[in-house]
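S.K.: My questions all concern the structure below.
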Amino acid sequence: DVEIEFSGKTRVLTVSNQKGGVGKTTSTVNIAAAIAALGGRVLVIDLDPQGNASTALGVPHTAEVTSIYDVLINDVAIADAVQQSPENERLFCVPSTIHLAGAEIELVSQVAREKRLDTALEEYLESLDEPLDFVFIDCPPSLGLLTINAFSAAHEVFLPIQAEYYALEGLSQLLGNVKMIQKHLNPRLRVSTILLTMFDARTRLSHQVADEVREHFPKEVLKTVIPRSVRVSEAPSFGQTVISYDESSAGAIAYKEAAVEIVGRGAPRRKG
Ligand code: ADP
Ligand code: MG
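The UniProt record's numbering numbers the first residue of the sequence shown as 35 and each following residue consecutively.
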């Protein structure tokens, strides 16, 4: 097994890509579970009205559950919305409920509408006796106010890219948005981590996309790629991550290796 050292500082990563279906949620829950299995304390904030991350972490998220919606709109503390995943005592989730679907519009008229999550998260992290090692924010596939809240609250952008045709399409828009957030809301934000997902080693296309992404982002792309694997896609229907559902499957092994890389690299250096 690998020796893992956590820095004692909390790293906050927003898992973003405005394309849907590229593996944001899958990567969020599996990397989070893998880091928890390595001994880290990890919080997942489900910021997608679909609530798929809450489902995969086995956390109840029916309409009456206190959720990230209440944090953003009703000034509820994260401490009052957080739940422990049944999978690991070090793995936590602030669930999303169906109410979040309306939050994009409700946020528009709120004071400090871009900073609601940042303020709530900062307050929560300061209140903890035992610090968290990682916070992952699972974003919806859009660049609306929910995603802007995630960008404002995070230190790092974690970008999953599906190894397929058009993978890089729309990426310049995302990078432009990150620049805008750096300038106006959150100067410390960095695109620190890129992960190639649903990689099919048998196709030339997967390799071509991987080469192209590595050429553009040599420092950010993880060495590990996530293979396409049925076990990965089955796990959520059992309310589990693949780390608990089938820990020796190719997908689980890849996510564990990616987690080791992410922890091992440490937080990006701050400029200046
Ligand atoms: P996003 O959050 O970006 O919309 P998801 O994580 O929900 O994307 O993934 C989209 C679909 O692809 C889901 O059905 C998921 O189960 C499936 N999927 C993701 N990663 C893999 C993988 N490595 N192997 C097989 N299926 C995958
Ligand atoms: Mg998703």
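Each residue gets a CB set at the ideal place from its N, CA and C atoms; glycine is no exception.
Give the secondary structure of residue 38 by DSSP, where H, G and I count as helix, E and B as strand, and everything else as coil.
M.R.: On the sequence shown, residue 38 is found 4 positions in, with the first residue counted as 1. Residue 38: coil per DSSP, three-state reduction.
S.K.: Residues bridged to residue 190 by DSSP?
M.R.: Position 156 of the sequence shown, counted from the first residue, corresponds to residue 190. For residue 190, which the question treats as bridged, DSSP gives the partners 47 and 224.
S.K.: Hey, out of 275, 124 and 72, whose CA is closest to residue 89's CA?
M.R.: Indexing the sequence shown from 1 puts residue 89 at position 55. If we check each option's Cα against that of residue 89, 275 comes out closest.
S.K.: Residues near ligand 1, CB to any non-hydrogen atom under 5 Å, in chain order?
M.R.: Spelled out in chain order, the answer is 54, 55, 56, 57, 58, 59, 60, 232, 260, 262, 263, 266 and 267.
S.K.: Using only alpha-carbon positions, find the residue among 296, 44 and 226 that is nearest to residue 303.
M.R.: Here the question's residue 303 lines up with position 269 in the sequence shown. Answer by Cα proximity: 226.
S.K.: Flag residue 64 as yes when its Cβ comes closer than 7 Å to any non-hydrogen atom of ligand 2, and as no otherwise.
M.R.: As a first step, residue 64 is located in the sequence shown; it is residue number 30 there, counting from the start. Residue 64 Cβ: outside cutoff for every heavy atom of ligand 2.
S.K.: With a threshold of 16 other CB atoms inside 10 Å of the CB of residue 86, please say whether the residue is buried or exposed.
M.R.: Taking the sequence shown and counting its residues from 1, the one referred to as residue 86 is at position 52. Per the 10 Å Cβ criterion, buried.
S.K.: Provide the residue span of the alpha helix (DSSP H) that contains residue 243, from first to last.
M.R.: On the sequence shown, position 209 is the one that residue 243 refers to. Looking at the DSSP string, the run of the alpha helix (DSSP H) that includes residue 243 is 238-250.
S.K.: In angstroms with no decimal places, state the Cα-to-Cα distance between residue 70 and residue 130.
M.R.: Counting from 1 along the sequence shown, the entry for residue 70 is found at position 36. Counting from 1 along the sequence shown, the entry for residue 130 is found at position 96. About 21 Å.
S.K.: Whose CA, out of 208, 179, 132 and 279, lies closest to the CA of residue 144?
M.R.: One-based indexing of the sequence shown puts residue 144 at position 110. The shortest Cα separation from residue 144 among 208, 179, 132 and 279 belongs to 179.
S.K.: Determine whether the beta carbon atoms of residue 61 and residue 93 lie at a separation below 8 Å.
M.R.: Locating residue 61 in the sequence shown gives position 27, where the first residue counts as 1. Locating residue 93 in the sequence shown gives position 59, where the first residue counts as 1. Going by C-beta atoms, residue 61 is not nearer than 8 Å to residue 93.
S.K.: Leaving out the 5 sequence neighbours to the left and right, which residues in its chain are closer than 6 Å to residue 151 when beta-carbon positions are compared?
M.R.: Taking the first residue of the sequence shown as position 1, residue 151 is located at position 117. For residue 151, where only same-chain residues beyond five positions count, the Cβ hits under 6 Å are 183 and 187.
S.K.: Three or more beta-carbon pairs under 8 Å between the stretch 199-210 and the stretch 62-81, yes or no?
M.R.: With the cut-off at 8 Å, the stretch 199-210 and the stretch 62-81 do not touch.
S.K.: Measure the C-alpha to C-alpha separation of residue 116 and residue 238 and round it to an integer number of angstroms.
M.R.: For the purposes of this step, residue 116 is identified with residue 82 of the sequence shown, where counting begins at 1. For the purposes of this step, residue 238 is identified with residue 204 of the sequence shown, where counting begins at 1. Approximately 43 Å, taken between the alpha carbons.
S.K.: Looking at residue 59: is its Cβ nearer than 8 Å to the Cβ of residue 163?
M.R.: Residue 59 sits at position 25 when you count from the first residue of the sequence shown. Residue 163 sits at position 129 when you count from the first residue of the sequence shown. No, the Cβ-Cβ distance between residue 59 and residue 163 is not below 8 Å.
S.K.: Going by the beta-carbon positions, is the gap between residue 125 and residue 76 smaller than 8 Å?
M.R.: Here the question's residue 125 lines up with position 91 in the sequence shown. Here the question's residue 76 lines up with position 42 in the sequence shown. Their beta carbons are under 8 Å apart, which means residue 125 touches residue 76 by this criterion.
S.K.: Could you give the distance in angstroms between the alpha-carbon of residue 240 and the alpha-carbon of residue 146?
M.R.: As a working mapping, residue 240 is identified with position 206 in the sequence shown. As a working mapping, residue 146 is identified with position 112 in the sequence shown. Distance between the alpha carbons of residue 240 and residue 146: 42 Å.
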